[in-house]
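Chains as they are written, first to last, in our numbering: chain Y, 11 to 182; chain V, 1153 to 1508.
Glycine residues also receive a C-beta, built at the ideal position from the N, C-alpha and C atoms.
Predicted model, so just to flag it, every value in this text is computed and none were measured.
Working notes for the structure below.
Right, dumping it as structure tokens:
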């Protein structure tokens, strides 16, 4: 037999004719049954999903949010660094200038009039989060729910913005 | 003029009994599908069906409903009559076998009348079962042949040859048991296994004829077309085997008849070898409870044994891989038949030597 045993673990195939004990099959069957019987008492691998959820790792990168500051103003200034850093080109935005009387809405003079992330393109690498100079975009520990239409996965600014902390307190 | 002597109440009683037996075996077959999935799941460290109802108990109902709702397709080039006859025959035959099984001790009513819990106490009960079981392969053959599909046909060829080979071993092994019992009637074989211990030995035939039991068990796996001998279905080689072309409730009939067969075979195994409705200490029970309750305890014991066998069948299915076809034939012809023959010879010699 001439073969290259590189890993030193290869074994030639055993082709001996079956012995009597092997021919009556019963010992082998009993062994198999004991194995499956043992598995009755093993821990189940199943996680009953809607009732139980698998815990995410601490640095899990999921769905994005757009952040607000303490006064409820949008932090994003539409600088475009997130879109630039995005390797999947999932982010698009349109900037606009803040007008008089909108100071309570936007933190800086420039803001994102439109901001879209295509969750089907996104690879959840987190580079946008790292690139953002204004702490405006973050990745959370949730993932995008399923949808029937592709359009449903394009998340608009309204979908991404976190609720206004001021409004919540006033509502309560 | 024997026929005229049969009273109306007798006929009604029998009809009710048949209805109960058929309904019961259909119900058990239904929940066998659930149990099979649960057993498989437990062995593979999963949970199995648990969405429909508590513990997934409504799953069989949902499955049945789904099968009814499916589109019924009859292939254009099939032979339509035979195509429909196939699953019907399979279902009919699997329901037929239950006729000769004694389900429990006779019911004794308050007015002293006795009602036998056996549809027909024919004195050739075992032969009837063999006949009915070997008819079962016709359902598969007709259906497969009529569907005009080469995979189905190959499957039916396998099924037929397998059934013929293993029926031989089955029949020869049973001769040894029949020689011991001296009767072909199921009722009498059960009565001989009364209680559990008599004259310093077990009464149950599994202890008197363990090798017959072994051969019978292996052959019944083959007769049932169940893993490890499920050559007829063989989904990894023959698409779906004999029911490749079937859909909707016709497919359901095939699958269902398989589970009914499994239940009936379990009952037969427990009747012939594990004492049927007999259990240790039954004489004490008979003396202490009303006869009606005593009968029902017997029925419950028989069903308990049958359920045990059903679980064992499932246990085997999810443990052992399928036999290769040549291995199957080698096992049948070169091992089981000679083994059964030798066992028959020895049994005959022993009976001749000691009894006469």
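Using a Cβ-Cβ distance under 9 Å, would residue i count as near chain V?
{"i": "residue 50 (chain Y)", "result": "yes"}
{"i": "residue 21 (chain Y)", "result": "no"}
{"i": "residue 147 (chain Y)", "result": "no"}
{"i": "residue 167 (chain Y)", "result": "no"}
{"i": "residue 35 (chain Y)", "result": "yes"}
{"i": "residue 182 (chain Y)", "result": "In this prediction, residue 182 (chain Y) scores a pLDDT of 45, lower than 50, which makes its location untrustworthy; no coordinate-derived value is stated."}
By the criterion of Cβ-Cβ separation under 8 Å, what are the contact partners of residue i in chain Y?
{"i": "residue 1198 (chain V)", "result": "54, 55, 56"}
Which same chain residues, not among the five before or five after residue i, have their C-beta less than 7 Å away from its C-beta?
{"i": "residue 57 (chain Y)", "result": "64"}
{"i": "residue 2 (chain Y)", "result": "Absent from the structure is residue 2 (chain Y), since the part of chain Y shown begins at 11 and ends at 182."}
{"i": "residue 1331 (chain V)", "result": "1499, 1500, 1503"}
{"i": "residue 1205 (chain V)", "result": "none"}
{"i": "residue 1275 (chain V)", "result": "1336, 1337"}
Using 9 Å as the limit for Cβ to Cβ distance, is residue i near chain Y?
{"i": "residue 1487 (chain V)", "result": "yes"}
{"i": "residue 1430 (chain V)", "result": "no"}
{"i": "residue 1495 (chain V)", "result": "no"}
{"i": "residue 1322 (chain V)", "result": "no"}
{"i": "residue 1463 (chain V)", "result": "no"}
{"i": "residue 1483 (chain V)", "result": "yes"}
{"i": "residue 1202 (chain V)", "result": "yes"}
Name the chain V residues that come within less than 8 Å of residue i, Cβ to Cβ?
{"i": "residue 43 (chain Y)", "result": "1467, 1468, 1471"}
{"i": "residue 46 (chain Y)", "result": "1195, 1467, 1470, 1471"}
{"i": "residue 39 (chain Y)", "result": "1468, 1471, 1472"}
Looking at the secondary structure, which residues open and close the beta strand (DSSP E) in which residue i lies?
{"i": "residue 122 (chain Y)", "result": "120-128"}
{"i": "residue 105 (chain Y)", "result": "101-107"}
{"i": "residue 1217 (chain V)", "result": "Here residue 1217 (chain V) belongs to no beta strand (DSSP E); instead the alpha helix (DSSP H) covers 1211-1221."}
{"i": "residue 148 (chain Y)", "result": "147-149"}
{"i": "residue 1234 (chain V)", "result": "That residue, residue 1234 (chain V), is in no beta strand (DSSP E); its alpha helix (DSSP H) goes 1232-1248."}
{"i": "residue 75 (chain Y)", "result": "74-76"}
Skipping 5 residues on each side, what residues in its chain have a beta carbon closer than 8 Å to that of residue i?
{"i": "residue 1153 (chain V)", "result": "Reliability of the predicted coordinates at residue 1153 (chain V) is poor, the pLDDT of 46 falling under 50, and no value is obtained from them."}
{"i": "residue 1212 (chain V)", "result": "1182, 1183, 1185, 1186"}
{"i": "residue 1477 (chain V)", "result": "1310, 1383"}
{"i": "residue 1172 (chain V)", "result": "none"}
{"i": "residue 1463 (chain V)", "result": "1187, 1191"}
{"i": "residue 1250 (chain V)", "result": "1173, 1174, 1177, 1271, 1416, 1419"}
{"i": "residue 1266 (chain V)", "result": "1258, 1259, 1260"}
{"i": "residue 172 (chain Y)", "result": "75, 76, 77, 78"}
Give the range of the alpha helix (DSSP H) segment to which residue i is assigned.
{"i": "residue 1194 (chain V)", "result": "1160-1195"}
{"i": "residue 1449 (chain V)", "result": "1443-1469"}
{"i": "residue 1411 (chain V)", "result": "1400-1424"}
{"i": "residue 1227 (chain V)", "result": "Unbroken run through residue 1227 (chain V): none, as it is neither H nor E."}
{"i": "residue 1479 (chain V)", "result": "1477-1482"}
{"i": "residue 1499 (chain V)", "result": "1489-1507"}
{"i": "residue 49 (chain Y)", "result": "36-49"}
{"i": "residue 1440 (chain V)", "result": "1434-1440"}
{"i": "residue 1297 (chain V)", "result": "1277-1298"}
{"i": "residue 28 (chain Y)", "result": "Where residue 28 (chain Y) is concerned, there is no enclosing alpha helix (DSSP H), given that its DSSP letter is neither H nor E."}
{"i": "residue 1323 (chain V)", "result": "1302-1333"}
{"i": "residue 1344 (chain V)", "result": "1338-1344"}
Residues of chain V with CB closer than 7 Å to the CB of residue i, please, in chain order.
{"i": "residue 16 (chain Y)", "result": "Near residue 16 (chain Y) there are no residues of chain V at all, since even the closest Cβ is about 31 Å away, more than 7 Å."}
Whose C-beta lies closer than 6 Å to the C-beta of residue i among residues of the same chain, with five residues either side of it excluded?
{"i": "residue 1344 (chain V)", "result": "1333"}
{"i": "residue 1293 (chain V)", "result": "1308, 1312"}
{"i": "residue 1453 (chain V)", "result": "1429, 1431"}
{"i": "residue 1319 (chain V)", "result": "1286"}
{"i": "residue 1368 (chain V)", "result": "1325"}
{"i": "residue 1396 (chain V)", "result": "1301, 1303, 1304"}
{"i": "residue 1457 (chain V)", "result": "1422, 1426"}
{"i": "residue 1207 (chain V)", "result": "none"}
{"i": "residue 1200 (chain V)", "result": "1189, 1190, 1193"}
{"i": "residue 26 (chain Y)", "result": "none"}
Is residue i near the ligand MG, judged by its Cβ being under 8 Å from some heavy atom?
{"i": "residue 1413 (chain V)", "result": "Annotation note on the ligand MG: not contained in the displayed structure, which lists no ligands."}
(message) I want to know whether the stretch 1191-1209 of chain V touches the stretch 1254-1262 of chain V - three or more CB-CB distances under 8 Å.
(response) no
(message) Whether or not the stretch 1301-1309 of chain V and the stretch 1386-1400 of chain V are in contact is what I'm after, with contact meaning three or more pairs of Cβ atoms, one per stretch, closer than 8 Å; do they touch?
(response) yes
(request) Evaluate the contact criterion for the stretch 1215-1229 of chain V versus the stretch 1392-1406 of chain V: three or more CB pairs, one atom per stretch, below 8 Å. (result) yes
(message) Pairs of beta-carbons, one from the stretch 118-125 of chain Y and one from the stretch 100-108 of chain Y, closer than 8 Å: are there three or more?
(response) yes
(request) Examine the Cβ distances between the stretch 1411-1425 of chain V and the stretch 1231-1238 of chain V and report whether three or more of them are shorter than 8 Å. (result) no
(message) So, does the stretch 1465-1472 of chain V touch the stretch 1364-1384 of chain V, judging by three or more C-beta pairs under 8 Å?
(response) yes
(request) Would you be able to state if there are at least three C-beta pairs under 8 Å between the stretch 1163-1180 of chain V and the stretch 147-158 of chain Y? (result) no
(message) Is it the case that the stretch 1445-1452 of chain V contacts the stretch 1239-1258 of chain V, given that we only count it when at least three CB pairs across the two stretches are under 8 Å?
(response) yes
(request) Report yes or no: do the stretch 89-101 of chain Y and the stretch 129-136 of chain Y share at least 3 C-beta pairs separated by less than 8 Å? (result) yes
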